[in-house]
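Just so we're aligned: the sequence shown equals residues -19 to -1, 1 to 364 in mature numbering (1 follows the signal peptide of the UniProt record, and there is no 0).
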Amino acid sequence: MMRKLSILLLSLFPLLAGAALSPALSEIARNFPGISELWIKSLVTIPSICVVIGQIVMANLPKKLSPRWQVLAGLLLYACGFIPYLWSTFPILVVSRIILGIGLSLLVPWTVGFIQLYFSGNEQKVMLGYASGLNNLGTVIAVLYSGIVSGFDWHFVFFIYLLALLSFLMSVLFLPEGVNEETVSEMREIVKNKSGLSINLIMVWIKMFLLTVIYFIIPTNLSFYMATQFHQHNTMTVGVLMSVLSLFGVIAGMLYARVLAHQTSRIQEVIIIAIFAAALCLLSFATTLPVFIIGLLLTGWGLGWGLPYLNAQLLATVDSNASNQVGIGQSMIFLGQFVSPFMISVLAKIGHQENPFIIGGSLLLIFIVLMFIDAKQKSKISH
């Protein structure tokens, strides 16, 4: 039981890394008037690109640390996200986000990797659902805390990253030592000896990327959107909305194995797309705050089902124990987080469209096209 808990607790931190700053962005922007809004938004997503770069670098380096020690080192570096409380110049903010991101790059592959190694069948799907729930629970904790304290002093927000020390203690006591070195070597040989990548695997990676780009329109824009469209300038309001949104993600993740996982992958994907489509329509065209909030809640539910579904597809597509391919899949999620504000900004200028949620709808259309291509590909294989 404690081993499961120590593994699941690792999933508390990936989304927390960026979401904790979301309610405080407008306050941070006021304290750095010379910094562009785009760079302020990028503070949410800088750790994500560090994960992507970290996965590329680590895949080409000899592994001298066991999975357990990688996680422990990652948690300690993650806790360095606390530094801006002590020293809050903008360059230090950026550097601390990079250090946190390096820690996250060590941690992230094993949030799903340990589940792949130690669980199978329905138990694996249950664990993936719980991991998705914990992912969103991290956001709930972060944005509630951040929304409350940033109204008093935005520096207090950075205390949230010290939660990594609790997970560090749990990991020291209960985290498995991980696979032995022979198994790790076999995992790398499987990946190295593959002559090419499966089209299905690449499709899953792209879907993970797109889903995250779409979802992260909310944490990177909500604070500004609430102020301009609904004249809500209170950071606590933004924090509560983000936490309730994420709470729906927690509930959805916990229910994934019981409600959705037994359906075919096609039906699961259609349901997830339908939830996101409804959410983006409400977010794009809502003229009242209650309707807008319903859109937010649907987005949280969509992510709560979308992440475990795509992780299950990833584990079903890769070779057994192909840890690098799993790691790349997870890095696609973080690449989506990093790219989201920049991609939305570029597409807004190209399309002369200021509403970020309408742009998100256009990206969802790409997701739908990929679903049809994927279905056609699988149909050819079955025949």
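We put the CB at the ideal spot given by N, CA and C, even for glycine.
Identify which residue in the options has its Cα closest to the Cα of residue i.
i, options, result
"Met151", "Met313, Ile339, Ile232 and Leu(-10)", "Leu(-10)"
"Asn305", "Trp186, Phe323 and Val320", "Trp186"
"Gly281", "Gly234, Val25 and Tyr206", "Gly234"
"Ile37", "Gln311, Leu115, Leu263 and Leu147", "Gln311"
"Ile21", "Arg49, Leu295, Ser7 and Val33", "Ser7"
"Met64", "Leu81, Arg49, Leu53 and Pro48", "Correcting the residue type first, residue 64 is Ile in the shown sequence and not Met. Ranking Leu81, Arg49, Leu53 and Pro48 by Cα distance to Ile64 puts Leu81 first."
"His212", "Phe323, Leu270, Phe348 and Val138", "Leu270"
"Thr193", "Gly(-2), Ile34 and Lys106", "Gly(-2)"
"Leu28", "Ala356, Ile331 and Leu2", "A small correction: the amino acid at residue 28 is Pro; Leu does not occupy that position in the sequence shown. Among Ala356, Ile331 and Leu2, the Cα nearest to that of Pro28 is on Leu2."
"Ile180", "Asn12, Leu222, Lys45 and Thr298", "Thr298"
"Thr228", "Leu118, Lys106, Ala10 and Leu328", "Before going further, note that residue 228 is Leu rather than Thr in the sequence given. The residue with the shortest Cα to Cα distance from Leu228 is Leu118."
"Val225", "Gly341, Ile122 and Phe100", "Ile122"
"Asn202", "Ala329, Ile73 and Gly15", "Ala329"
"Phe266", "Ile83, Leu222 and Gly342", "Gly342"
"Tyr99", "Ile309, Leu296 and Leu46", "Leu296"
"Leu277", "Tyr196, Val327 and Ala255", "Tyr196"
Counting only the same chain and skipping the five closest in sequence on each side, list residues whose C-beta sits under 7 angstroms from that of residue i.
i, result
"Gly220", "Pro4, Val124, Leu125, Ser127, Gly128 and Ile129"
"Met217", "Gly128, Ile129 and Gly132"
"Ser69", "His136"
"Phe23", "It is Ser, not Phe, that sits at residue 23 in the sequence shown. Around Ser23: Pro322."
"Ile347", "Leu191"
Take residue i and list the residues in its own chain whose beta-carbon comes closer than 6 angstroms to its own, dropping the five residues that flank it on each side.
i, result
"Val165", "Interpretation of Val165 is limited by its pLDDT of 46, a score under 50 that renders its predicted location unreliable; the figure taken from the coordinates is listed afterwards. Here the set comprises nothing."
"Gln51", "Leu87"
"Glu250", "Met352"
"Ala54", "Leu87"
"Tyr66", "His136 and Phe139"
"Phe13", "Phe71"
"Phe257", "Gly283 and Leu345"
"Thr92", "Leu(-10) and Ser(-9)"
"Glu162", "Note on Glu162: pLDDT 46, under 50, position unreliable in the model; no value is reported."
What residue does the alpha helix (DSSP H) around residue i start on, and which one ends it?
i, result
"Pro200", "Ile198 to Gln210"
"Phe71", "Phe71 to Leu88"
"Leu261", "Ser246 to Phe266"
"Gly15", "It is not in any alpha helix (DSSP H) - Gly15 carries neither H nor E in the DSSP assignment."
"Glu104", "Gly102 to Val130"
"Trp50", "Pro48 to Tyr59"
"Trp286", "Leu270 to Thr298"
To which residues of the same chain is residue i closer than 8 angstroms at the C-beta, ignoring the five residues directly before and after it?
i, result
"Phe353", "none"
"Lys357", "none"
"Val272", "Leu263"
- the region 257 to 271 touching the region 233 to 249, judged by at least three CB pairs closer than 8 angstroms: They do not touch, by the three-pair rule.
- Message: For the region 105 to 121 against the region 289 to 300, do three or more pairs of beta-carbon atoms, one drawn from each stretch, fall closer than 8 angstroms, so that the two count as touching?
- Response: Result yes; three or more Cβ-Cβ pairs closer than 8 angstroms.
- Message: Three or more C-beta pairs under 8 angstroms: does that hold for the region 136 to 147 against the region 50 to 66?
- Response: Enough Cβ pairs lie closer than 8 angstroms, so yes.
- Message: Across the region 198 to 216 and the region 334 to 349, are there enough close Cβ pairs to call them in contact, namely three or more that are closer than 8 angstroms?
- Response: Flag = yes, the region 198 to 216 and the region 334 to 349 touch.
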